[in-house]
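Peer 1: Provided herewith is a single structure, encoded as structure tokens, for subsequent inquiry.
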Amino acid sequence: MAKKRVTYALLVLAVILLAGSAIGSTRAAITYYSDNYTAEITVSQIGVSLLENGEVVSSRNYDDNEWKMNSNNGSTVGGALLQNMLDAENGEKLALNRKYDEKLTVRNSGSIDEYVRVRVYRYWMKDGKKVTSLSPDLIDLNLVNQGVWVEGPAASAECVELFHKGILSSGEESAAFADTIRIDGKVASEARTEVDESAGTVTTVYKYDGVEFHVDVEVDAVQTHNARDAIKSAWGVDAESLGIL
0 MAKKRVTYAL LVLAVILLAG SAIGSTRAAI TYYSDNYTAE ITVSQIGVSL LENGEVVSSR
60 NYDDNEWKMN SNNGSTVGGA LLQNMLDAEN GEKLALNRKY DEKLTVRNSG SIDEYVRVRV
120 YRYWMKDGKK VTSLSPDLID LNLVNQGVWV EGPAASAECV ELFHKGILSS GEESAAFADT
180 IRIDGKVASE ARTEVDESAG TVTTVYKYDG VEFHVDVEVD AVQTHNARDA IKSAWGVDAE
240 SLGIL
């Protein structure tokens with residue numbers, strides 16, 4: 000078998016517009032794969048899918064000598080999360096502090112076994128720029144099954160890195176790494192008061208007015224052949240010290 004570049008990643012970006020207590024539109028970003036690890040395997044057998052509440056959001060599989068992409072919105076660059084979070088047809092509005100179902104899992108959609116990593120990013124945006132005055136913790140994506148998903152060293156306030164413990168076999172779906180999402184009501188307390196003495200008015204301005212909350216999920220996998228070196232090369236971590244081998 001010829002040497003193939005096999006490190007593979009799937010990026011799915013879902014954006015929800017938060018304006019007051021209303022939900023706006025969603026959109027998705029690109030899908031990509033990295034190529035910094037070389038090993039002798041049949042690359043045509045690798046594949047991975049991201050699932051939300053039991054439905055495939057986006058998947059990418061190498062088949063017939065090319066990458067093939069599928070998504071829940073027909074996009075060739077990625078799927079969209081949280082599309083069914085609210086009953087849009089009946090005009091449902093986002094309720095602060097309410098937990099919404101958001102079960103996120105990974106499926107090995109290829110025909111060879113693999114190791115899987117997930118990175119979850121949470122942050123706020125306004126007018127195309129990050130809003131650093133609002134904490135990512137106010138976007139409460141509830142992470143679960145810590146015995147299966149091991150937290151990695153790249154964790155920060157904005158990003159958490161999770162490694163699936165053990166091999167994810169071909170066709171197997173992982174335990175969920177998240178099960179609900181909630182926008183903390185504390186976001187409504189983030190405000191300042193503006194006084195216009197000439198007009199005799201006092202205005203309360205909320206920091207979250209017109210901002211977006213972003214939840215990005217990045218999933219990538221490496222094959223099991225020479226796994227220790229593959230994981231070190233692709234992800235920069237010692238798999239044995241993390242306890243994922």
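Note that numbering that gives the first Met the number 0 gives residue 99 to position 100 of the sequence shown, counting from 1, and the numbers run on in steps of one. Every residue, glycine too, gets a C-beta built ideally from N, C-alpha and C.
DSSP state of Ala-21, grouped into three classes?
Peer 2: In the sequence shown, residue 21 corresponds to position 22, counting from 1. Note that Ala-21 has pLDDT 25, beneath the 50 cutoff, so the model's placement of it is unreliable and no number is given.
Peer 1: Relative to the alpha-carbon of Leu-140, which residue among Lys-164, Asn-96, Ile-111, Asp-112 has its alpha-carbon at the smallest distance?
Peer 2: The residue given as residue 140 occupies position 141 in the sequence shown. With distances taken between Cα atoms, Leu-140 lies closest to Asn-96.
Peer 1: Quick check: the segment 67 to 85 against the segment 143 to 150, are at least 3 beta-carbon pairs closer than 8 Å?
Peer 2: They do not touch, by the three-pair rule.
Peer 1: Is Ser-232 helix, strand or coil by DSSP?
Peer 2: In the sequence shown, residue 232 corresponds to position 233, counting from 1. DSSP places Ser-232 in helix when its eight states are reduced to three.
Peer 1: Does the distance from the CB of Val-130 to the CB of Val-210 come in under 8 Å?
Peer 2: The residue you call residue 130 lines up with position 131 of the sequence shown. The residue you call residue 210 lines up with position 211 of the sequence shown. Yes.
Peer 1: Give me the residue from Val-56, Gly-165, Asn-72 with the minimum Cα distance to Val-221.
Peer 2: Position 222 of the sequence shown, counted from the start, is the residue given in the question as residue 221. Nearest C-alpha to Val-221: Gly-165.
Peer 1: Going straight from the alpha carbon of Asn-72 to that of Ser-48, what length do you get?
Peer 2: Position 73 of the sequence shown, counting from 1, holds the residue named residue 72. Position 49 of the sequence shown, counting from 1, holds the residue named residue 48. When rounded, the distance between both Cα atoms is 14 Å.
Peer 1: Going along the chain, which residues of its own chain have a beta-carbon closer than 8 Å to the beta-carbon of Ala-21, five neighbours each way excluded?
Peer 2: As a working note, residue 21 is residue 22 in the sequence shown. The predicted model places Ala-21 with a pLDDT of 25, which falls under 50 and marks its position as unreliable, so this point remains unresolved.
Peer 1: Taking just the CA atoms, how far does Asp-208 sit from Val-184?
Peer 2: For the purposes of this step, residue 184 is taken as the residue at position 185 of the sequence shown. For the purposes of this step, residue 208 is taken as the residue at position 209 of the sequence shown. For the sequence presented, residue 184 should be read as Gly rather than Val. About 14 Å.
Peer 1: Determine the extent of the alpha helix (DSSP H) in which Ala-238 is found, giving its start and end residues.
Peer 2: Taking the first residue of the sequence shown as position 1, residue 238 is located at position 239. Taken as a continuous stretch (DSSP letters only), the alpha helix (DSSP H) holding Ala-238 covers 238 to 241.
Peer 1: Under the DSSP definition of a beta bridge, which residues are partnered with Met-84?
Peer 2: One-based indexing of the sequence shown puts residue 84 at position 85. In the DSSP output, where bridge partners are listed per residue, Met-84 has none listed.
Peer 1: Of all the options Lys-102, Gly-46, Asp-62, Phe-162, which has the alpha carbon lying nearest to the alpha carbon of Gly-242?
Peer 2: As a first step, residue 242 must be located in the sequence shown, where it is residue number 243. Minimum Cα distance to Gly-242 is reached at Phe-162.
Peer 1: Taking the straight line between their C-alpha atoms, what separation do you get for Thr-104 and Glu-88?
Peer 2: Here the question's residue 104 lines up with position 105 in the sequence shown. Here the question's residue 88 lines up with position 89 in the sequence shown. Their backbone Cα atoms lie some 27 Å apart in a straight line.
Peer 1: Taking Ser-48 as part of the beta strand (DSSP E), name the residues at either end of that continuous run.
Peer 2: As a working mapping, residue 48 is identified with position 49 in the sequence shown. From DSSP, the beta strand (DSSP E) with Ser-48 extends over 46 to 51.
Peer 1: What is the DSSP secondary structure of Ala-220, reduced to helix, strand or coil?
Peer 2: Sequence index remark: in the sequence shown, residue 220 carries index 221 (1-based). If DSSP states are grouped into helix, strand and coil, Ala-220 belongs with the strands.
Peer 1: Could you have a look at Ala-187 and say whether DSSP puts it in helix, strand or coil?
Peer 2: To locate residue 187, count along the sequence shown from 1; it is residue 188. Here Ala-187 sits in helix by DSSP.
Peer 1: From what residue to what residue does the beta strand (DSSP E) around Asp-178 run?
Peer 2: One-based indexing of the sequence shown puts residue 178 at position 179. Note, Asp-178: beta strand (DSSP E), 177 to 182.
Peer 1: Given this structure, state the Cα-to-Cα distance separating Thr-223 from Glu-101, to the nearest angstrom.
Peer 2: Position 224 of the sequence shown holds residue 223. Position 102 of the sequence shown holds residue 101. Cα to Cα, the separation comes out at about 29 Å.
Peer 1: Under the rule that 16 or more other beta-carbon atoms within 10 Å means buried, what is Asp-237, buried or exposed?
Peer 2: Your numbering for residue 237 matches position 238 in the sequence shown. It is exposed - the Cβ of Asp-237 has fewer than 16 other Cβ atoms within 10 Å.
Peer 1: Check whether the Cβ atoms of Gly-109 and Ile-45 lie closer than 8 Å to each other.
Peer 2: The residue you call residue 109 lines up with position 110 of the sequence shown. The residue you call residue 45 lines up with position 46 of the sequence shown. A contact, by the Cβ cut-off of 8 Å.
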